[in-house]
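By the UniProt record's numbering, the letter at position 69 of the sequence shown is numbered 69, and the numbering carries on one by one without gaps. Below: the structure, in structure tokens.
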Amino acid sequence: MEKFTLELLFQIVGIGSASGLIQKDDSMFIISDNSSFLYEYNIKERELHKIKLFENSQENIPKKDKFDFESITQKGTKLYIFGSGSTPNRNKRISYDLTSKAIVEKDLSAMYEKLKQTAAVSDDDLNLEGALFHNENWYLFQRGNGAQSKNGIFTIDKQENNIHFFSITLPKIKNIEATFTDAILVEDKIYFLAAAEDTASTYYDGEVLGSFIGALSIDTFELTFTQQISETHKFEGLTLHTNSKQIIEFLLCEDKDTEVLETDIYKLTLEKNFKN
1 MEKFTLELLF
11 QIVGIGSASG
21 LIQKDDSMFI
31 ISDNSSFLYE
41 YNIKERELHK
51 IKLFENSQEN
61 IPKKDKFDFE
71 SITQKGTKLY
81 IFGSGSTPNR
91 NKRISYDLTS
101 KAIVEKDLSA
111 MYEKLKQTAA
121 VSDDDLNLEG
131 ALFHNENWYL
141 FQRGNGAQSK
151 NGIFTIDKQE
161 NNIHFFSITL
171 PKIKNIEATF
181 TDAILVEDKI
191 YFLAAAEDTA
201 STYYDGEVLG
211 SFIGALSIDT
221 FELTFTQQIS
231 ETHKFEGLTL
241 HTNSKQIIEF
251 LLCEDKDTEV
261 LETDIYKLTL
271 EKNFKN
């Protein structure tokens, strides 16, 4: 086996601009950064269901109006979906209870202001693209693709009183530094995706130069490995598929930055014992 293998697993018609996903049993829950639906895809039956997050949920919302849902994670029986914070209307968090199907909306504007103050990030440069919960703390992953180039991790306690920011430097492609696009926790490691995109804006897209998979220690945020997995794709969603002693498999989704309602799901297989 090579250090990694990347293969197209299947294509889902009906979802565009996929930005995050979670596999749970035979279902995948997928979000899109230009939609206000949560999508549930049954892997065995190959059926797609749309869950309204708002009474007037829409697809292909104009860029200036969209909620820009970029992060999805599970805590207990609930899925939590976060807006990126890159404009004032992108400050929402939605929870979806997998058991009761209850949907709760929360405005995170005040907390996002605290994040900007903590990291000295401007209004235009906050861009949250990954989230996870561990040991009673939220971890939010700041994509440093704005003018200030502040890539890193926010840690936030349950009361939102203790907020810290840790800068993380990632490899470059053609002199453009890769920046976080998603992250998950597996055992004691944070596995993350990062993309290099030729832009200095959190709002406007640029030329995609490639994507990385990597890992950090959950305790120290020490970077333990990175591996470039594509020269052309901007992968924005990461979920665990299988985990054994020898290999770990992830499912990935790609944001093609188009209005076409099709989403490609890839399987990434990594050897656990390789060093790059």
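All C-beta atoms in this analysis are idealised placements derived from N, C-alpha and C, irrespective of residue type, glycine included. Quick caveat: nothing in here was measured; it's all calculated off a predicted structure.
Have a look at 11, 189, 252, 258 and flag the residue whose alpha-carbon is nearest the alpha-carbon of residue 61. 258
Taking the alpha-carbon positions, what's the residue 34 to residue 255 distance? 10 Å
From residue 191 to residue 185, what does the alpha carbon distance come to, in whole angstroms? 6 Å
For residue 218 versus residue 164, is the C-beta spacing smaller than 8 Å? no
Quick check on the DSSP output: the beta strand (DSSP E) that includes residue 47 runs from which residue to which? 47–52
Thinking C-alpha only, which one of 27, 236, 101, 9 is nearest residue 212? 236
Contact belief for residue 32 with residue 19 at Cβ below 8 Å, rounded distance in angstroms: 6 Å
Compare the C-alpha of residue 208 against each of 196, 216, 252, 214 and name the closest. 196
Starting from residue 21, trace the beta strand (DSSP E) both ways and give me its first and last residue. 18–24
Hey, how far is the Cα of residue 170 from the Cα of residue 178? 6 Å
In angstroms with no decimal places, state the Cα-to-Cα distance between residue 175 and residue 99. 47 Å
Could you check where the alpha helix (DSSP H) with residue 118 kicks off and where it finishes? 109–119
DSSP three-state assignment for residue 137, whether helix, strand or coil: strand
Please state the DSSP three-state secondary structure of residue 93. strand
Residue span of the beta strand (DSSP E) that contains residue 56, given as start and end: No beta strand (DSSP E) holds residue 56; DSSP gives it neither H nor E.
When you compare each of 83, 137, 146 to residue 128 by their alpha carbons, which one comes out closest? 83
Quick one, which of 220, 215, 221, 76 has its alpha-carbon nearest residue 228's? 215
Around the C-beta of residue 276, are 16 or more other C-beta atoms found within 10 angstroms, so that it is buried, or is it exposed? At residue 276 the pLDDT is 45, less than 50, meaning the model places this residue with poor confidence and gives no usable figure here.
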